[in-house]
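When the letters of the sequence shown are read in order and numbered with my numbering, they come out as residues 959 to 1380. For glycine and all other residues, C-beta sits at the position ideal for the given N, C-alpha and C. Heads up: the structure comes next, in structure tokens.
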Amino acid sequence: MEYRVNNLIYAAGKDLLNTIRTVFVMTEPVDAEALRKAADLTVKRYPYFSVKLIRRGEEYVMVHNDAPLTITPDCRAIPLGGAESGGHLLALSYDKYRISVDSSHFMTDGTGIFPFDKTLLYCYLHILHPEEEFDLSGIAMPDSEIPPDEADDYPFPDEPVETTPLGMRYSPVEVFKLSDQPKGYKSRDKWTSFRIKVKQKDLMRYASSVDGSPATFIASVMYRTIADLHPECELPIVCGMQHQYRKALGKPLSHLCHVNIVPIPYTSRMKDREIELLNTMARGTIIVRADDDNDLLSVNAHIENEKKIKALTLAEKHRYMRDFLLAGIGRNTFEVSYTGRVPFSGLDKYMSDFIPILDMSLSGGISIEIFTAGENFCINIMQRNDDGKYADRFVGILSENGIACVSEPPEHFEINDFVLPE
């Protein structure tokens, strides 16, 4: 079986890796043998994740990979696509109570990998606890049929689609960059996660009272955090809000990467505005910029890129797509992704925590993942050093607005390398 690649993969390089790690903290020590059996069962249901990248002339394609998924101890982040992962763009690891799933963002996104995660966890827990009854309606079984739109091998149509965009697509040419965040991957094994938990009812009550949403509220708080810590800043502080265009394409089940970045620019005039106005502005921007027809403009840009790069050499493809990526979704000060409620179908009975970790090479230095698990909103602030000033000020602003929260100890993490075929 052969799969077309997302043309964004040509932007990949030694300093642009684009990977996702999902960590599941279990209530019992991880059983490595059961995890091996569960991985072998799960990959039967998701054969499109059992692939390797190969070079064919001046382009890349993905082909089926017969090698078993690699499982490494100590939750070590191994290079994806290389010999250590058996060529796979997905790998598993474990350590004491943790199970980690690492996947290339060029192959899939958080929405695409989560069904795999749930099937993996179900198979693993079913092996250990065969008597347990789970809500199977939310879990794909290893032998279940794969819907055609889920198995699609390419994220874009072949030809541009008609669209009537809503509103402006303004994005500042120059944005404020955090100079205190190291660039590139010199500290790839010393990146830090600051996790904050807020009661869901408290955050929802406040966000709705100031005409916002959880995502726009968190974006506004981080904007205010950066503005407070960098009073000298005159350039726009831009939040890159992650947004997916599955709905715009009519492919809700697609496993491919469908992430778009919607910029929310905060100019220097916004520094002294109340959170209520910041939320209204951010929410309005999202409503306009994340409209289906605006999403299709982004889709059409990728389709045009596909046509442009066909005649280019591999080296030219890399330069062209890197410039495209950095000029578009890479132009922000910080990044926010809102996963929403994580539906574990009862599997979370055996879990104590869930931690999504992102590669932040395009985030401007700080990336925030927000999701709901149980009664809590979980806010994961990730950055390229261990300076806690941003997380501390963020918590301070929540407190100033009457929102109680719990801060967990910061944790270092490592980002997977990504190996391109020669």
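Asked, Found
"Met-1309 in three-state terms, based on DSSP", "strand"
"Min CB distance Lys-1054 to chain B below 8 Å", "Looking at the structure shown, chain B is missing, and only one protein chain is on hand."
"Delimiting residues of the alpha helix (DSSP H) encompassing Arg-1182", "1172–1187"
"With 16 other Cβ atoms within 10 Å as the buried cut-off, status of Glu-1293", "buried"
"Closest residue to His-1201 among Phe-1376, Tyr-1296, Met-1180 (Cα-Cα distance)", "Tyr-1296"
"Chain-order list of residues whose beta-carbon lies under 6 Å from that of Gly-1045 (same chain, five-residue window excluded)", "Lys-1010, Asn-1023"
"Residues that Arg-1153 bridges to, as DSSP identifies them", "Asn-1338"
"Identified DSSP bridge partners for Thr-977", "Ser-1062"
"Rounded Cβ spacing between Ser-1303 and Asp-1093 (contact assumed at less than 8 Å)", "4 Å"
"Which residues DSSP lists as bridging Cys-1197, in chain order", "Ile-1222, Phe-1292"
"Check whether Tyr-1348 and Ile-1324 have beta carbons under 8 Å apart", "yes"
"Reference Pro-1118, options Asp-1253, Ala-1041, Arg-1153, Val-1021, closest by Cα", "Asp-1253"
"Contact the segment 1079–1096 vs the segment 1222–1236: 3+ CB pairs below 8 Å", "no"
"Cβ contact check for the segment 1076–1087 and the segment 988–1003: 3 or more pairs under 8 Å", "yes"
"Residues that Gln-1202 bridges to, as DSSP identifies them", "Val-1217"
"Distance, Gly-1015 Cα to Ser-1008 Cα", "22 Å"
"C-alpha gap between Arg-962 and Tyr-1112, whole angstroms", "6 Å"
"Spatially closest choice to Tyr-1055 from Phe-1114, Pro-1105, Lys-1148, Glu-986, by CA coordinates", "Glu-986"
"Distance CB(Ile-1244)-CB(Val-1217) smaller than 8 Å", "no"
"Selection from Phe-1282, Tyr-1203, Asp-1249 that minimises the alpha carbon distance to Val-1257", "Tyr-1203"
"CB contact flag (Leu-1305, Thr-1066, <8 Å)", "no"
"Exposed unless 16 or more other CB atoms sit within 10 angstroms - verdict on Pro-1031", "exposed"
"DSSP state of Ser-1002 mapped onto helix, strand, coil", "According to the sequence shown, residue 1002 is Lys rather than Ser. Helix."
"Exposure of Ser-1319, with buried meaning 16 or more beta-carbon neighbours within 10 Å", "buried"
"Which of helix, strand or coil DSSP assigns to Gly-1044", "coil"
"Rounded separation between Gly-1332 and Gly-1288 - CA only", "33 Å"
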